[in-house]
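**Student:** Chains as they are written, first to last, in the working numbering: chain A, 1 to 272; chain B, 273 to 531.
Beta carbons: idealized from backbone N, C-alpha and C, even for Gly.
To start, I am sharing the structure in question, which I have written as C-alpha cells.
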Amino acid sequence: MTLSDSALADTPVAPARPASRGVPPPLVLGIGLLAAWWAIAALVDSAVMPTPVTAVERLLVNLQSTRFLDSAADTVLRLLTAYVGVAVVGAVTGFLLGLARFWAAAVSPLLYAVYSVPKIVLFPLFLLFLGLGDASQVGFAFFSGVLPMVLLVSAAAAAVPPLPLKLAASLRMSTPAVITKIVLPSILPAFAGALRLTFGLTFLGLLIAEMFTGVSGLGYELLRNVPLVRMGDIVGEVVLVILIALAPAIGLRTLETRVRARFGTTTEGDGR
Amino acid sequence: MSAQPLIRSHDVTRRFGAVEALGPLSLHGARGEFVSIVGPSGCGKSTMLEIVGGLQRPDSGSVFVAGVPLEGPRDETAIVFQDSATLPWRTVLDNVAFSLEARGVARDERRDIARRGLETVGLAAFAAHYPAQLSGGMRQRVALARALVTEPDLILADEPFGALDEQTRLLMSDELLAVVDRLGCGVLFITHSIQEAVLLSDRILVMSARPGRIVDEITVPLERPRTSEVLSSTAAAECVSRIWALIRREAQVAMQGAS
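Here's what the structure looks like:
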C-alpha cells in the first residue's frame with residue numbers, strides 16, 4: 001500500500017474560502033459614518049460643524065484655485081519623495097541590521113529609544129540643519145516613517161525560522177543563495193506590513209512639518225484656515241487628505257494581504 | 273545488506289557552554305542499514321544527528337562518513353527534519369526541486385526529477401499546490417521526496433514523523449521502509465517512538481540521559497521487507513518492552529536531573 005492509496009493522508013487541509021458577497025463591511029462603515037456626520041451637523045446647525053455637502057463644495061471651490069492645486073501637488077511630491085526614501089533606506093538598513101547580530105544588538109535599543117520619543121520635539125533639529133522649506137519637511141516625513149520600517153524589517157530578518165536555514169546549510173547553499181531564496185522571501189510579509197504602516201506615519205509627519213514651516217502644502221493650507229475659522233475649507237481639505245491617503249492605503253493593504261497569503265504561511269510546527 | 277561502513281563516529285562529545293550535551297559517543301552504520309536512536313528528551317539525539325550531518329562540529333572525537341573525515345555537510349547526505357521545512361512560497365514541485373536547485377541542476381531537469389520524486393511518495397497530483405494547502409503528513413512526504421531526489425547514500429531523519437497522528441505515522445513508516453529498501457541507502461533515524469524504531473530499524477541505539485551516551489544496542493529480529501503489521505508480533509513486542517525498560521530508567525534520571 002502506498003500513501004497515495006490513503007484518503008486519510010491525501011486530504012488537503014486548506015480549502016479556498018468562498019468569496020463573501022454583498023457590500024464590503026468597510027464601505028458600510030464609511031457610509032454609516034458619513035450619515036452620522038450629516039445627522040450631527042444638521043442637528044448642531046453651527047458654523048464650526050459643516051455638513052458633508054458644505055465641505056465638498058468648499059473643496060471643489062478650492063480645487064479651482066491654482067495656489068491650492070500647487071499646494072496639493074507639493075504635498076504629494078514631498079510625500080512620494082519621503083516615502084520612497086523610507087521604503088528603500090529603511091528596508092535596506094533594516095535588512096542589513098537584521099543579518100548582523102552584533103549591530104542589531106548594539107543599534108536596536110537606541111532606535112527603539114528614539115522611536116519612543118514624540119517626533120515633534122525633534123523637529124527643531126530638522127529646521128536647524130535643513131532650514132525652512134522642502135528639505136526639512138521631507139526630512140521630517142522621512143524620519144517619521146523610516147524608524148518603524150527599519151525596526152520591523154530588522155526584526156523580521158533576525159527572526160527567519162531556523163529550520164529553512166538548517167536546510168540551506170545541509171544543502172551547502174552559498175550565502176547569496178540563502179539570502180535570495182530563503183531570507184528575502186521570509187521577510188516579505190513583514191516588509192509589506194511595514195510599507196502599509198509607514199505610509200501613514202510618513203504622511204502624518206509631512207502634514208505636521210507643513211503645518212509648522214510650510215508656505216505651501218496641505219498641512220499649511222489646513223493651518224492657514226484655522227485663524228479665519230473657515231471650517232468648510234478645513235473639513236474639505238481633511239476630505240482631500242483622506243482621499244489622497246485612501247488609494248495608496250487600500251493598494252498597500254491589498255499588497256500586504258497577497259504577500260502574506262503567498263509568503264507568510266509558515267508550515268513549521270504545524271503538523272497535523 | 274552490504275557490510276560496507278558508511279558512518280563511523282568515535283568518542284564524539286559536544287558541550288553548550290557549561291552544559292555537557294553529548295558523549296563520549298561512538299556509533300556506526302552500514303550502507304543499506306536502518307539505525308534508529310532513541311532516548312529521553314534532551315539527551316542529545318538531534319545534536320548527534322546534526323554532527324553526522326555536518327551541521328555542527330563535535331568538540332572532540334571524530335566522524336567519518338563513507339570513509340572520509342567529515343568536514344561539513346556533504347552532497348550525498350540528505351536530512352529530513354521534524355517539521356517538514358517546506359518553503360511556503362514555493363509549490364510542492366518547486367519544494368521538491370529545491371535540493372536539486374541548490375546543486376545547480378538545470379530547471380527543466382530538476383523539475384522532471386522532482387515530478388518523479390513526487391510520484392514516489394504519491395503526491396504527483398499535488399505538484400502545483402502550496403504547502404499550506406497540504407496536511408502535515410503530505411508536507412512530510414514532500415520533505416521526504418526532496419531528500420530522495422538527490423539520490424543520497426545516507427538519510428538522516430530527525431523525528432520526521434513526530435508531529436503526525438498515529439495512522440499517518442504508520443503509513444509514512446511503511447512508505448519510508450519501501451523507499452529505503454529500494455534505494456539501499458543508510459539511514460540514521462531519531463525518534464521518540466519505540467514502536468516506530470522497532471518497525472523501521474535493523475538496529476536500535478538507546479541513549480542515556482544527558483550527556484547522551486549509548487547504553488544499549490538492540491538488533492531487531494524482524495525480517496525485511498516489513499510493514500507496520502509486524503508490530504503485532506511477539507518479537508516486536510519483546511523489543512518494545514526491552515527498550516522501554518531502558519528508556520524509562522534513563523528518562524527518570526533525566527527528570528531528576530531537570531528538577
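Is the beta carbon of VAL150 (chain A) sitting closer than 7 Å to the one on GLY90 (chain A)?
**Tutor:** For VAL150 (chain A) and GLY90 (chain A), yes; Cβs fall inside 7 Å.
**Student:** Taking its Cβ as the centre, do 16 or more other Cβ atoms sit within 10 Å of ASP425 (chain B), making it buried, or is it exposed?
**Tutor:** Buried is the call here.
**Student:** Tell whether a beta-carbon distance below 7 Å holds between ILE182 (chain A) and ALA168 (chain A).
**Tutor:** Yes. Within cutoff.
**Student:** What is the DSSP secondary structure of VAL44 (chain A), counted as helix, strand or coil?
**Tutor:** Here VAL44 (chain A) sits in helix by DSSP.
**Student:** Taking one C-beta from the region 311–326 of chain B and one from the region 274–294 of chain B each time, how about it: are there three or more such pairs within less than 8 Å?
**Tutor:** With the cut-off at 8 Å, the region 311–326 of chain B and the region 274–294 of chain B touch.
**Student:** Quick check on the DSSP output: the alpha helix (DSSP H) that includes ILE466 (chain B) runs from which residue to which?
**Tutor:** First-last of the alpha helix (DSSP H) with ILE466 (chain B): 466–472.
**Student:** Starting from ARG262 (chain A), find everything on chain B with Cβ-Cβ shorter than 7 Å and list it in chain order.
**Tutor:** Those are TRP361, listed as they occur along chain B.
**Student:** Which stretch, first to last residue, makes up the alpha helix (DSSP H) that contains PHE199 (chain A)?
**Tutor:** It spans 184–213 - the alpha helix (DSSP H) in which PHE199 (chain A) sits, taken as one unbroken run.
**Student:** Can the beta-carbon of VAL117 (chain A) be found less than 7 Å from the beta-carbon of PRO189 (chain A)?
**Tutor:** Contact flag unset, no.
**Student:** Output, in chain order, the set of chain B residues within a Cβ distance shorter than 7 Å of SER170 (chain A).
**Tutor:** Result: GLY325, LEU327, PRO345 and ILE351.
**Student:** Pick out whichever of A:LEU111, A:LEU207, A:PRO109 and A:ALA194 has its Cα sitting closest to the Cα of VAL76 (chain A).
**Tutor:** Selected option, being the one with the closest Cα: A:LEU207.
**Student:** With a threshold of 16 other CB atoms inside 10 Å of the CB of MET479 (chain B), please say whether the residue is buried or exposed.
**Tutor:** Answer is buried; the Cβ neighbour count reaches 16.
**Student:** Run through DSSP, which three-state label would GLY295 (chain B) get?
**Tutor:** In the structure shown, GLY295 (chain B) sits in a strand (DSSP, three-state: E or B).
**Student:** If we define contact as Cβ-Cβ less than 7 Å, is LEU163 (chain A) a contact residue for chain B?
**Tutor:** Taking Cβ atoms only, chain B reaches closer than 7 Å to LEU163 (chain A), which makes this a yes.
**Student:** Terminal residues of the continuous beta strand (DSSP E) containing GLY458 (chain B)?
**Tutor:** Start and end: 458–462.
**Student:** Cβ of MET173 (chain A) less than 7 Å from any chain B Cβ?
**Tutor:** Taking Cβ atoms only, chain B reaches closer than 7 Å to MET173 (chain A), which makes this a yes.
**Student:** So, under 8 Å CB-CB, GLN354 (chain B) and GLY434 (chain B) are touching, yes? Tell me the CB distance rounded to an integer number of Å.
**Tutor:** Contact flag correct, Cβ pair sits at about 5 Å.
**Student:** Are PHE95 (chain A) and VAL153 (chain A) close, meaning C-beta to C-beta below 7 Å?
**Tutor:** Going by C-beta atoms, PHE95 (chain A) is nearer than 7 Å to VAL153 (chain A).
**Student:** Any beta carbon from chain A within less than 7 Å of SER281 (chain B)'s own beta carbon?
**Tutor:** SER281 (chain B) does not count as touching chain A.
**Student:** Do the region 390–404 of chain B and the region 412–427 of chain B meet, that is, are 3 or more Cβ pairs less than 8 Å apart?
**Tutor:** Cβ pair count under 8 Å is three or more, so yes.
**Student:** Given this structure, state the Cα-to-Cα distance separating PHE263 (chain A) from SER371 (chain B), to the nearest angstrom.
**Tutor:** For PHE263 (chain A) and SER371 (chain B), the distance between alpha carbons rounds to 19 Å.
**Student:** In three-state terms, what does DSSP make of ASP488 (chain B)?
**Tutor:** ASP488 (chain B): strand per DSSP, three-state reduction.
**Student:** Can you tell me where the alpha helix (DSSP H) holding GLY333 (chain B) begins and where it ends?
**Tutor:** Not the alpha helix (DSSP H): GLY333 (chain B) falls in the beta strand (DSSP E), residues 332–337.
**Student:** Given that a residue counts as buried once 16 or more other Cβ atoms are within 10 Å of its Cβ, and exposed if not, what is GLU210 (chain A)?
**Tutor:** Buried, by the Cβ-count rule.
**Student:** Would you say GLN528 (chain B) reaches chain A, if we count a Cβ-Cβ gap shorter than 7 Å as a contact?
**Tutor:** Closer than 7 Å: no.
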